[in-house]
Amino acid sequence: MGRQLLPRTPKERLHSRLRISRLCTIGEHFNLTMKPVEREHQRPDWERVAASAALKDLLAVKRLFIVPAFLFFFAYFFGLLLLTAYAPKLISVRAAGIVTLGYLLALSQFVVGWIIAWLYLRAATRFDRLSRDLVAAGENKT
Amino acid sequence: MPISLAIFLAFVASTLGITYWASRHSRGMSAYFAAGRTITAWQNGFAVAGDFMSAASFLGIVGLIAVQGFDGFLYAVGGFVAFVTILLLIAEPLRNSGKYTLGDVLAYRLRPRPVRAMAAISTLATILFYMIAQMVGAGALVTLLLSGSGISYNLAVTGVGALMVIYVVFGGMLATTWVQIVKAVLLSACTLILAVLVLSYFHFHLGDFFAAASQVAYHEKGQPVVRDFLVPGLRYKPPYGPLDLISLGFAFIFGTAGLPHVLGKFYTVPDAHNRAQKCGLGDGPDW
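Protein chains in written order, with the numbering used here: chain A, 4 to 145; chain B, 10 to 296.
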């Protein structure tokens, strides 16, 4: 049993990605014929979806947003920590009245974080639309 | 009856009330573990915020800033940035999996038995250390609140623990979510009130406020000292301070994304847009 639960082929991986129940995959493996009838009709052609350029586009689009966004924020936060750790004199400079550069940088983390959250919200809406289109396109082909 | 005791009892009563209501409304596995996936984005945003704003953040971070100035403030920042990791890397895959626990998600792709065992062990290890800190805080707080009523520290810890177990076991995710929502709203309101009160003390002049923070006079080892709370160095001193800070940063950025009680909340919403909104809201306060 254990072996079949491992998604090995791209098709199986896509199953997991696109939230098809595990039972469906196992059932197919044992060539069970008792699948729900409506699923026969609604089930997209996963192999076609997996091979499609549209899927690769979707994954690339996601990576293109998520990876830079995370790296940027990671660097922004760790920059503050490293400055605090190794350049305490620099961030003790009074940047605005009595307020130090360090405090301004620390407060700006909240602003930058919210901006990234807002950008993600917009991007996620687009990801969802793309994946819905993708599944719908797969369904039409069956 | 002193007012602190009255407020405490009112909160306990409302918690149990929510638990009773939730236990009557949740049927089946999805309802119990994921609140039937019916929690809206705003509700879950407050719930995740409530999960995160524990006694440790409400009292702990305030305390850290009060005695360690800028170095303490980095804790507040760390608690906030933790949510960016969760938002960008964790939240969507978890929800898309349509599962109930992290173990379920991992077992789907990997060999189930060892992965489940490892997920259980790491969850229990995380929760154990997290719980100890929380229970110590809760016990100390309750003892303080109910001082004079003869409730000992041990009794307070046991009582709070029993109450938690009751509301999780009988109410499931629906009750925990609503209890956290109530908690988040109360804590946010209290924080807001406190902030306004502090500012009003300085006649709403931010400059005066920061000027006061730049020269805080207190006693250290019996000697009067004046310290600048706007510059680093009160907590993270050489030689190990820098390493300590970097370790703290990693713990926040990657550790928070592994807190089981925070992750559990991401199975309760219907779709990706909701999840993102929730995460955005969860950003607000810290820890």
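Think of the CB as a built atom: it goes at the ideal place given N, C-alpha and C, for glycine as much as any other residue.
Helix, strand or coil at residue i [DSSP, three-state]
i, result
"Y109 (chain B)", "coil"
"T200 (chain B)", "helix"
"I95 (chain B)", "helix"
"S158 (chain B)", "coil"
"V240 (chain B)", "coil"
"Y117 (chain B)", "helix"
"F259 (chain B)", "helix"
"K192 (chain B)", "helix"
"P248 (chain B)", "coil"
"F275 (chain B)", "helix"
"F213 (chain B)", "coil"
"T185 (chain B)", "helix"
"T265 (chain B)", "helix"
"T47 (chain B)", "coil"
N- and C-terminal bounds of the beta strand (DSSP E) containing residue i
i, result
"Q232 (chain B)", "232 to 236"
"H228 (chain B)", "225 to 229"
8 Å Cβ cutoff, residue i in contact with chain A
i, result
"Y276 (chain B)", "no"
"P241 (chain B)", "yes"
"A193 (chain B)", "no"
"Y245 (chain B)", "yes"
"P251 (chain B)", "yes"
"G258 (chain B)", "yes"
"F89 (chain B)", "yes"
"I255 (chain B)", "yes"
"A58 (chain B)", "no"
"G216 (chain B)", "yes"
"L98 (chain B)", "yes"
"F219 (chain B)", "yes"
"F61 (chain B)", "no"
"F55 (chain B)", "no"
"F79 (chain B)", "yes"
"V86 (chain B)", "yes"
"I361 (chain B)", "Examination of residue 361 (chain B) is not possible in this model, given that chain B is present from 10 through 296 alone."
"E101 (chain B)", "yes"
"V93 (chain B)", "yes"
"F138 (chain B)", "no"
"F211 (chain B)", "no"
Under 8 Å between C-beta atoms of residue i and residue j
i, j, result
"N105 (chain B)", "T277 (chain B)", "no"
"A91 (chain B)", "T265 (chain B)", "yes"
"F275 (chain B)", "A100 (chain B)", "yes"
"G88 (chain B)", "G258 (chain B)", "no"
"Y79 (chain A)", "V102 (chain A)", "no"
"A128 (chain B)", "V151 (chain B)", "no"
"S39 (chain B)", "R33 (chain B)", "no"
"P241 (chain B)", "P71 (chain A)", "no"
"G184 (chain B)", "T28 (chain B)", "Correcting the residue identity first, residue 184 (chain B) is Ala in this sequence and not Gly. Closer than 8 Å, so yes."
"V235 (chain B)", "A222 (chain B)", "no"
"L165 (chain A)", "L254 (chain B)", "Look at the range of chain A in this structure, 4 to 145, and you will see that residue 165 (chain A) is not part of it."
"Y109 (chain B)", "L268 (chain B)", "no"
"R244 (chain B)", "D80 (chain B)", "yes"
"M182 (chain B)", "F17 (chain B)", "no"
"F130 (chain A)", "K65 (chain A)", "yes"
"G78 (chain B)", "L239 (chain B)", "yes"
"A193 (chain B)", "F55 (chain B)", "yes"
"F77 (chain A)", "I262 (chain B)", "yes"
Minimum Cβ-Cβ distance from residue i to chain B less than 8 Å
i, result
"P91 (chain A)", "yes"
"V102 (chain A)", "yes"
"L84 (chain A)", "yes"
"S95 (chain A)", "yes"
"I69 (chain A)", "yes"
"I119 (chain A)", "yes"
"A147 (chain A)", "Nothing about residue 147 (chain A) can be read from this structure; chain A reaches only from 4 to 145."
"A53 (chain A)", "no"
"A98 (chain A)", "no"
"A78 (chain A)", "no"
"A109 (chain A)", "yes"
"A1 (chain A)", "The displayed coordinates of chain A run from 4 to 145. Any statement about residue 1 (chain A) would go beyond what the structure contains."
"A88 (chain A)", "yes"
Opening and closing residue of the alpha helix (DSSP H) in which residue i lies
i, result
"L154 (chain B)", "121 to 154"
"H34 (chain B)", "12 to 34"
"V76 (chain B)", "71 to 77"
"A50 (chain B)", "50 to 61"
"H270 (chain B)", "269 to 272"
Minimum Cβ-Cβ distance from residue i to chain D less than 8 Å
i, result
"F17 (chain B)", "In the displayed structure, chain D is absent; the protein chains listed are A and B."
Scan the region 39 to 126 of chain A and note each continuous beta strand (DSSP E) run of 3 residues or more that stays entirely inside, going in chain order. Counting only runs of 3+ residues, the beta strand (DSSP E) found wholly inside the region 39 to 126 of chain A occupies 97 to 99, in chain order.
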